[in-house]
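Everything below concerns the one structure shown next.
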Amino acid sequence: MNRIVVVVSEPRSLATTRGHFLLALRLAGYEVHALAPFDAMTVRWLTENGIRFHPLPMERAAVAPLGDTLLAFRLYRKIRKLKPRIVLACAIKPIVYGVPAALIARVPRRHALVTGLGYAFTDRHKSLRWRAVNAVARLLYAASLRAATTATFQNDDDRDDFRRLGLLGRTPANVVNGSGVDLERFQVAPLPHKPRFLMIARLLRDKGLAEYLAAARLVKAVRPEACFDLVGDTDPNPAGFPVSEVEAAVADGTIHYHGAVEDVRGVIADSRVYVLPSYREGTSRSVLEAMAMGRPVITTDAPGCRAPIVPGVNGLLVPVGATAPLAEAMIRLIDNPDEAESMARNSRRIAEQRYDIQKVTAHMMEIIEAGQRAAE
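Numbering (our numbering), first residue to last: 7 to 382.
Here it is, written out as structure tokens:
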């Protein structure tokens with residue numbers, strides 16, 4: 007039996023973002039092992055579906071020298087013990103430490119799935135801290151991706167940037183349409199008449215939180231009937247957004263803050279327009295979920311954000327970091343309800359055509375199977 011080890015930094019992604027893919031691997035006859043920080047709900051789901059879980063402590067901080075050294079050692083030890091034919095590392099820390107560990111452990115096929123570039127590639131202020139983190143990230147990516155047999159990206163921009171920066175070497179690169187969206191789970195919901203905007207994101211500056219709050223204030227000054235919702239948990243990332251600023255926006259009536267929400271379908275159904283003014287994404291899962299439920303999307307003309315949007319067809323694109331154009335886009339969809347409803351229908355159509363999780367899973371399986379054939 008072919009054995010595959012999947013390494014992730016966010017344990018719940020194993021059951022949500024990666025769940026369909028892991029089940030497809032099982033159905034194809036693979037013995038699937040998952041390495042991730044412990045999460046009770048995730049372990050239960052994995053066990054119920056015949057996937058073996060191995061706890062792997064992993065610090066979320068961008069740079070944690072001691073913790074990362076221990077992580078690299080633990081990864082090597084676990085991979086060597088499991089003796090898989092394939093290792094799939096998802097996101098920055100699993101890639102930069104897991105892929106070299108797999109090479110040293112003589113794993114034949116080493117796949118890197120770049121799901122987004124994070125703080126190391128998206129800080130717009132170019133602080134000294136960011137420059138240091140960016141330099142380290144480039145070195146680590148270059149070393150790890152040269153050790154990979156395949157690299158897979160979730161948008162063309164990330165792949166092209168890595169090629170331009172010389173981080174890929176000769177490693178073959180693929181692009182998939184994000185992680186896909188479960189069209190059965192995220193079904194179309196009727197558009198409410200009230201102009202209600204929704205943003206779902208961890209509380210990070212590079213998600214465009216400051217721009218969302220500022221644009222909401224501008225819109226409410228001229229369209230007081232508009233409502234703005236924010237869903238998302240805090241984050242220890244260096245680009246973390248101050249909770250005090252969110253609390254101030256709640257106190258002055260600008261937004262409704264819901265914190266972390268386990269099942270976002272309810273808040274999406276309550277919204278009329280989905281907004282994500284992010285500085286950069288892999289491919290935003292929340293955007294795909296909103297599209298699947300038939301919501302027009304306002305997002306930025308940035309890597310990973312613009313890919314699902316056909317401007318004027320299923321949403322609008324605005325410049326990164328620009329508050330006034332964001333507010334203008336919101337007002338446009340308030341003042342033109344027929345356009346918003348047309349965009350809503352087109353969002354679902356595009357989700358079905360390009361982002362169906364079954365299609366994305368099939369593409370990922372093709373990449374894995376092609377690698378297997380090449381190794382034989």
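We put the CB at the ideal spot given by N, CA and C, even for glycine.
Owing to the predicted nature of the structure, the values given are computational and were not obtained by experimental measurement.
Query raised in the report: Can you tell me the Cα-Cα spacing of Pro106 and Asp163, whole angstroms?
Result: Reading the sequence shown from its first residue, position 100 is the one you call residue 106. Reading the sequence shown from its first residue, position 157 is the one you call residue 163. Each residue's Cα considered, the two are about 25 Å apart.
Query - DSSP bridge partner residues for Phe59 (one or two, in chain order) - result: The count along the sequence shown starts at 1 and reaches residue 59 at position 53. Phe59 pairs with Ala40.
Requested in this report: Given a cut-off of 8 Å, decide if Asp235 and Phe192 are closer than it, judged by their beta-carbon atoms.
Outcome: Taking the sequence shown and counting its residues from 1, the one referred to as residue 192 is at position 186. Taking the sequence shown and counting its residues from 1, the one referred to as residue 235 is at position 229. Not a contact, by the Cβ cut-off of 8 Å.
Query raised in the report: DSSP state of Arg116, grouped into three classes?
Result: Numbered from its first residue, the sequence shown carries residue 116 at position 110. Strand at Arg116.
Report task. Give the DSSP-derived three-state secondary structure of Gly246 in the structure shown. Result -> For this step, residue 246 is matched to residue 240 along the sequence shown. In the structure shown, Gly246 sits in a strand (DSSP, three-state: E or B).
Requested in this report: Would you identify the three-state DSSP class for Met64, choosing helix, strand or coil?
Outcome: To locate residue 64, count along the sequence shown from 1; it is residue 58. If DSSP states are grouped into helix, strand and coil, Met64 belongs with coil.
Query raised in the report: Between Arg202 and chain B, is there a C-beta pair that is closer than 8 Å?
Result: The chain inventory of the structure shown lacks chain B, comprising one protein chain alone.
Query raised in the report: Relative to the C-alpha of Asn342, which residue among Phe79, His199, Leu171 and Val120 is closest?
Result: Your numbering for residue 342 matches position 336 in the sequence shown. The shortest Cα separation from Asn342 among Phe79, His199, Leu171 and Val120 belongs to His199.
Report task. Using a threshold of 8 Å, state whether the C-beta atoms of Arg354 and Val93 are closer than that. Result -> Here residue 354 is taken as the residue at index 348 of the sequence shown, counted from 1. Here residue 93 is taken as the residue at index 87 of the sequence shown, counted from 1. Cβ atoms of Arg354 and Val93: not closer than 8 Å.
Report task. Look at the alpha carbon of Ala216 and the alpha carbon of Gly186, and state the distance between them as a whole number of angstroms. Result -> The residue you call residue 216 lines up with position 210 of the sequence shown. The residue you call residue 186 lines up with position 180 of the sequence shown. So the two alpha carbons sit approximately 28 Å from each other.
Report task. Give me the Cα-Cα distance between Ala266 and Leu323, rounded to the nearest whole angstrom. Result -> The sequence position of residue 266 within the sequence shown is 260, counting from 1. The sequence position of residue 323 within the sequence shown is 317, counting from 1. When rounded, the distance between both Cα atoms is 26 Å.
Query raised in the report: Is it buried or exposed for Thr75, if we count other Cβ within 10 angstroms and need 16 for buried?
Result: Along the sequence shown, one-based indexing puts residue 75 at 69. So Thr75 counts as exposed.
Query raised in the report: Under the rule that 16 or more other beta-carbon atoms within 10 Å means buried, what is Pro230, buried or exposed?
Result: As a working note, residue 230 is residue 224 in the sequence shown. Pro230 is exposed by the Cβ-count criterion.
Query raised in the report: For Ala154, which residues of its own chain have a beta-carbon under 7 Å away from its beta-carbon, when the five flanking residues on both sides are left out?
Result: Locating residue 154 in the sequence shown gives position 148, where the first residue counts as 1. Cβ neighbours of Ala154 beyond the five flanking positions: Val105, Arg116, His117, Ala118 and Thr177.
Query raised in the report: Should Lys226 go down as buried or exposed, given a rule of 16 or more other Cβ atoms within 10 Å for buried?
Result: Here residue 226 corresponds to residue number 220 of the sequence shown, with the count starting at 1. Lys226 comes out buried.
Query raised in the report: Straight-line CA distance for Met47 to Phe59?
Result: Indexing the sequence shown from 1 puts residue 47 at position 41. Indexing the sequence shown from 1 puts residue 59 at position 53. Cα to Cα, Met47 sits roughly 12 Å from Phe59.
Query raised in the report: Where do the N-terminal and C-terminal ends of the alpha helix (DSSP H) with Asn183 fall, by residue?
Result: By one-based count along the sequence shown, residue 183 stands at place 177. No alpha helix (DSSP H) contains Asn183, which DSSP labels as neither H nor E.
Requested in this report: Going by DSSP, name the residue or residues bridged to Arg9.
Outcome: Within the sequence shown, numbered from 1, the residue matching residue 9 stands at position 3. Answer is Glu37, bridged to Arg9.
Query - Local conformation of Pro230 per DSSP, three classes - result: The residue given as residue 230 occupies position 224 in the sequence shown. Note: Pro230 maps to coil in three-state DSSP.
Query raised in the report: Assuming Gly122 contacts Val366 under a Cβ cut-off of 8 Å, what Cβ separation, rounded to an integer in Å, is found between them?
Result: Working through the sequence shown from its first residue, we reach residue 122 at position 116. Working through the sequence shown from its first residue, we reach residue 366 at position 360. The pair is not a contact, with the Cβ atoms about 15 Å apart (cut-off 8 Å).
Query - Close beta carbons around Glu65, own chain, < 6 Å, minus the five adjacent residues each side - result: Sequence index remark: in the sequence shown, residue 65 carries index 59 (1-based). Same-chain partners within the cutoff: Gly73.
**Report entry** Sub-8 Å separation of Leu219 and Asp241 beta-carbons
**Finding:** Start at 1 with the first residue of the sequence shown, and residue 219 comes out as number 213. Start at 1 with the first residue of the sequence shown, and residue 241 comes out as number 235. In this structure, Asp241 does not lie closer than 8 Å to Leu219 by Cβ.
**Report entry** Residue from Arg112, Arg91 and Ile85 whose Cα sits closest to the Cα of Pro100
**Finding:** Counting from 1 along the sequence shown, the entry for residue 100 is found at position 94. Checked all of Arg112, Arg91 and Ile85; the closest Cα to Pro100 is Ile85.
**Report entry** Buried or exposed by the 16-neighbour rule on C-beta atoms within 10 Å, applied to Ala3
**Finding:** Nothing can be reported for residue 3, as the shown portion of the chain is limited to 7 through 382.
Report task. Give the secondary structure of Asp167 by DSSP, where H, G and I count as helix, E and B as strand, and everything else as coil. Result -> By one-based count along the sequence shown, residue 167 stands at place 161. In the structure shown, Asp167 sits in a helix (DSSP, three-state: H, G or I).
Query raised in the report: When you compare each of Lys89, Pro201 and Ser133 to Tyr280 by their alpha carbons, which one comes out closest?
Result: Within the sequence shown, numbered from 1, the residue matching residue 280 stands at position 274. The option with the nearest alpha carbon to Tyr280 is Pro201.
**Report entry** Sub-8 Å separation of Met349 and Leu282 beta-carbons
**Finding:** As a first step, residue 349 must be located in the sequence shown, where it is residue number 343. As a first step, residue 282 must be located in the sequence shown, where it is residue number 276. Not in contact: Met349 and Leu282 (Cβ atoms no closer than 8 Å).
Query - N-terminal and C-terminal residue of the beta strand (DSSP E) that Arg202 is part of - result: If you number the sequence shown from 1, residue 202 lands on position 196. Where Arg202 is concerned, the enclosing beta strand (DSSP E) stretches over Arg202 to Ile206.
Query - Nonlocal neighbours in the same chain, by C-beta distance under 7 Å from Ile340, ignoring five residues either side - result: Mapped onto the sequence shown, residue 340 falls at position 334. So the qualifying residues of the chain are Pro201, Arg229 and Ala232.
Query - Selected residue, minimal CA-CA separation from Leu20, among Gly35, Leu33, Ala42 and Glu37 - result: As a first step, residue 20 must be located in the sequence shown, where it is residue number 14. Among Gly35, Leu33, Ala42 and Glu37, the Cα nearest to that of Leu20 is on Ala42.
Query raised in the report: Does the Cβ of Ala257 have 16 or more other Cβ atoms within 10 Å, making it buried, or fewer, making it exposed?
Result: Counted from its first residue, the sequence shown places residue 257 at position 251. Under this definition Ala257 is an exposed residue.
Report task. Thinking Thr289 and Gln160 are a contact (beta carbons under 8 Å), I'd like their distance in whole angstroms, please. Result -> As a position in the sequence shown, residue 289 is number 283, starting the count at 1. As a position in the sequence shown, residue 160 is number 154, starting the count at 1. At roughly 4 Å, the Cβ-Cβ gap stays under 8 Å, so Thr289 and Gln160 are in contact.
Query raised in the report: Where does Val281 sit, in a helix, a strand or coil, going by DSSP?
Result: Locating residue 281 in the sequence shown gives position 275, where the first residue counts as 1. Val281 falls in the strand class under three-state DSSP.
Query raised in the report: In terms of DSSP beta bridges, what is Pro317 paired with?
Result: Working through the sequence shown from its first residue, we reach residue 317 at position 311. Paired residues: Gly321.
Query raised in the report: Can you tell which of Asp45, Asp362 and Ala111 has its C-alpha closest to the C-alpha of Lys87?
Result: Reading the sequence shown from its first residue, position 81 is the one you call residue 87. For the residues Asp45, Asp362 and Ala111, the minimum Cα distance to Lys87 belongs to Ala111.
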